[in-house]
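Enquirer: Numbering (the working numbering), first residue to last: 3 to 599. Note that beta-carbon positions come from the ideal geometry of N, C-alpha and C, so glycine has one too.
Pasting the structure below:
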């Protein structure tokens with residue numbers, strides 16, 4: 003009896019959402035075109051990073067080679083974007099990575115993914131609102147912050163902000179009202195702000211190439227010594243790097259790329275519009291790929307212009323572009339940049355707020371989460387200092403990206419034909435009927451079928467789980483014990499070689515299994531290599547987080563699991579289906595390849 007209960011409990015955690023083939027019905031208006039989705043993706047991604055992040059990374063981590071940092075970060079983002087694009091073509095419903103996980107890896111992982119997406123959207127909304135308030139405050143001479151600090155001071159360091167930000171609170175509530183008007187109205191505002199932002203960035207790029215000096219990409223130690231007086235002796239020559247295009251070396255490029263990766267976070271909001279896009283199977287993949295390409299061009303151009311206009315060690319991390327225009331003698335241009343930054347932050351704020359209620363709606367509709375007010379982001383923007391919480395957003399996003407990559411890997415190798423069987427009879431057959439296929443070495447490396455079977459699908463499921471574990475261990479070793487590894491310690495070298503051999507062998511087993519031939523508008527190329535590479539990059543970046551960030555992440559997950567095990571597991575629609583009286587024969591549809599009709 004205890005084993006039977008334990009088995010039923012495990013079945014609840016692993017149960018999957020079943021979807022009917024074809025275009026799913028929706029109660030939302032299908033009003034978003036491909037152009038709307040591209041504008042939403044560009045606006046969500048091309049936010050504060052292009053106006054702030056470029057200066058910080060160029061000054062302290064990469065120098066002029068920041069252009070390579072953005073290239074590396076863009077390539078890693080494209081890996082996740084391709085996986086999102088295939089699922090957008092396969093499952094045209096709201097919920098983004100949450101739904102993708104639900105139809106492939108099961109309910110518990112789906113809840114984990116959705117819960118972390120909510121975390122990233124809430125923190126992203128609150129942080130961008132604070133950034134918008136600060137940018138506007140700086141534009142008018144810091145009158146808002148000085149007034150609030152003098153009259154209302156919270157004085158709780160490392161927990162709350164120095165003062166309550168009424169401006170950020172009002173901004174979030176105002177844009178919440180705008181989003182409540184409907185997707186088409188908010189998409190129109192997003193398109194207008196995105197066009198203004200791109201025009202301003204185009205002005206910055208052209209100005210940088212006109213007023214820039216190529217010598218700033220080849221600075222020498224003599225240039226550093228001449229600049230020491232201007233830096234008031236607060237920097238040593240070592241802190242300025244070794245000069246040239248790569249003053250901090252390859253290590254600086256990798257560190258900078260890890261930071262620049264977060265500048266591309268935001269495109270996944272396109273995947274949440276599956277029930278509002280006019281042709282989701284076509285427009286979602288196109289929207290993701292085009293928006294990532296546009297964002298890369300903007301980041302590449304702005305970082306090039308910035309490091310050409312001004313020596314990288316003189317950049318101002320918080321406002322690099324206005325300072326760069328002051329440096330070249332174009333002071334009035336700082337107001338043009340200010341307008342662009344406010345438009346960029348506005349679209350980024352809309353992009354963070356746009357998917358949050360859709361993920362909550364999707365989870366609540368499935369019974370896993372009760373509805374709560376998304377204006378919690380406004381409360382956080384009002385009271386909290388978010389500097390210590392920003393990495394939490396990154397962990398949640400990277401975890402979602404990794405799960406989507408695993409889902410693509412699993413789903414492509416599953417049987418594509420429909421097999422409608424009575425659910426109870428299916429479980430009975432698994433226990434009593436003899437196996438029609440046996441697991442042998444030939445089945446692993448030379449399967450006889452040209453199309454996926456139940457056995458090949460199970461082989462891929464097990465191998466994918468093993469690869470996820472091995473890649474996590476490899477990333478942990480590379481991130482935490484790199485010094486003894488690269489110093490030639492034979493024990494660590496042997497451990498890494500063993501891990502690589504196991505990963506290569508298991509990858510070969512997956513590669514030999516037959517793939518589903520169901521036609522889709524878009525498929526991830528080079529399976530299984532690209533999803534595995536995406537998982538490796540995402541997990542490696544997660545391993546760069548501090549212990550404090552992991553502790554806060556643990557607290558957030560404890561709250562989430564308390565909600566799931568106390569509410570969601572009992573109110574899940576899949577649970578309700580199982581409790582319904584058998585008025586007619588229930589069928590279970592084993593079908594995940596949803597091609598367009």
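#1: Which runs of the alpha helix (DSSP H) fall wholly inside the stretch 484 to 513 and span at least 4 residues, in chain order?
#2: According to the Cβ coordinates, are residue 556 and residue 269 closer than 8 Å?
#3: Rounded to whole angstroms, what's the CA-CA distance from residue 364 to residue 212? Just pull it up for me.
#4: Taking buried to mean at least 16 other C-beta atoms within 10 Å of its own C-beta, is residue 120 buried or exposed?
#5: Among 493, 414, 443, 490, whose alpha-carbon lies nearest the alpha-carbon of residue 455?
#6: Which word fits residue 4, buried or exposed, when buried means at least 16 other C-beta atoms lie within 10 angstroms of its C-beta?
#7: Return the first residue and the last residue of the alpha helix (DSSP H) that residue 38 is part of.
#8: Among 407, 477, 36, which has the Cα closest to the Cα of residue 282?
#9: Around the C-beta of residue 271, are 16 or more other C-beta atoms found within 10 angstroms, so that it is buried, or is it exposed?
#10: Within the chosen definition, does the stretch 171 to 179 reach the stretch 120 to 137 through at least 3 CB pairs nearer than 8 Å?
#11: Just to confirm, is the Cβ distance from residue 307 to residue 52 under 8 Å?
#12: First and last residue of the alpha helix (DSSP H) that includes residue 544?
#13: Roughly how far, in whole angstroms, is the beta-carbon of residue 278 from the beta-carbon of residue 34, given that I think they are within contact range, below 8 Å?
#14: Assess, as a yes-or-no matter, whether the stretch 446 to 453 is touched by the stretch 404 to 411 under the definition of 3 or more beta carbon pairs within less than 8 Å.
#15: Mind checking residue 567: buried by the 16 CB within 10 Å criterion, or exposed?
#16: Quick one: give me the first and last residue of the alpha helix (DSSP H) that residue 473 is part of.
#17: Return the Cβ separation of residue 513 and residue 527 in integer angstroms, given the expectation that the two are a contact with Cβ distance under 8 Å.
#18: For my contact list, residue 68 and residue 56 are in at a C-beta cut-off of 8 Å; report their separation, rounded to the angstrom.
#19: Buried or exposed, going by whether 16 or more other CB atoms sit within 10 Å of the CB of residue 441?
#20: Go ahead and pull the three-state DSSP assignment for residue 279.
#21: Alpha carbon to alpha carbon, how far is residue 402 from residue 498? Give it in angstroms, no decimals.
#22: Can you list, in chain order, the residues of its chain whose CB lies under 6 Å from that of residue 248, leaving out five sequence neighbours each side?
#23: By Cβ distance below 6 Å, which residues in the same chain neighbour residue 254 in space, the five residues on each side in sequence not counted?
#24: Taking the continuous alpha helix (DSSP H) assigned at residue 444, which residues delimit it?
#25: Considering only their Cβ atoms, is the gap separating residue 294 from residue 107 smaller than 8 Å?
#26: Quick check: the Cα distance between residue 359 and residue 495, rounded to an integer number of angstroms?
#27: Going by DSSP in three states, residue 421 sits in which element: helix, strand or coil?
#28: Run through the stretch 126 to 154 for me and flag every whole alpha helix (DSSP H) of 4 or more residues, listed as ranges in chain order.
#29: My guess is that residue 317 and residue 61 are in contact by the Cβ rule of under 8 Å, so how many angstroms apart are they, rounded?
#30: Quick check: what's the CA-CA separation for residue 218 versus residue 309?
#31: Would you kindly check if the distance between the Cβ of residue 83 and the Cβ of residue 100 is under 8 Å?
#32: Under three-state DSSP, which class holds residue 13?
#33: Residue 366 to residue 315, Cα distance in whole Å?
#34: When the Cα atoms are used, what is the spatial distance from residue 336 to residue 536?
#35: Residue range of the alpha helix (DSSP H) that residue 343 falls in?
Expert: Once the coordinates are examined:
#1: Listed in chain order, they are 484 to 488.
#2: Not closer than 8 Å, so no.
#3: Approximately 49 Å between the Cα atoms of the pair.
#4: Counting other Cβ atoms within 10 Å of its Cβ, residue 120 reaches 16 or more and is therefore classed as buried.
#5: Nearest C-alpha to residue 455 among 493, 414, 443, 490: 414.
#6: Residue 4 comes out exposed.
#7: Start and end: 36 to 47.
#8: Nearest C-alpha to residue 282: 36.
#9: Under this definition residue 271 is a buried residue.
#10: Touching, per the Cβ criterion.
#11: Cβ atoms of residue 307 and residue 52: not closer than 8 Å.
#12: Residues 531 to 544.
#13: The C-beta separation of residue 278 from residue 34 comes to about 5 Å, placing the pair in contact by the 8 Å criterion.
#14: No: the two stretches stay apart, fewer than three of their Cβ pairs being nearer than 8 Å.
#15: Exposed, by the Cβ-count rule.
#16: First-last of the alpha helix (DSSP H) with residue 473: 456 to 482.
#17: With 8 Å as the limit, residue 513 and residue 527 do not qualify as a contact, their Cβ atoms being about 13 Å apart.
#18: Contact between residue 68 and residue 56 holds, since their C-beta atoms are separated by about 6 Å, short of 8 Å.
#19: So residue 441 ends up on the exposed side.
#20: Correct three-state label for residue 279: strand.
#21: Approximately 26 Å between the Cα atoms of the pair.
#22: Shown here for residue 248: same chain residues with a beta carbon closer than 6 Å to its own, the five before and five after excluded, namely 67 in chain order.
#23: The residues are 63, 64.
#24: Here the alpha helix (DSSP H) through residue 444 covers 443 to 447.
#25: Their beta carbons are not under 8 Å apart, which means residue 107 does not touch residue 294 by this criterion.
#26: Near 47 Å, if we compare the C-alpha coordinates of residue 495 and residue 359.
#27: Low confidence applies to residue 421: its pLDDT is 36, below 50, so where it sits in the model is not reliable enough to give any reading.
#28: Fully enclosed alpha helix (DSSP H) runs of 4 or longer: 145 to 153.
#29: That belief holds up - the Cβ atoms of residue 317 and residue 61 are roughly 5 Å apart, short of 8 Å.
#30: Whole-angstrom Cα-Cα distance: 7 Å.
#31: No. Outside cutoff.
#32: Residue 13: helix per DSSP, three-state reduction.
#33: About 50 Å.
#34: Taking the straight line from one Cα to the other gives about 38 Å.
#35: First-last of the alpha helix (DSSP H) with residue 343: 335 to 355.
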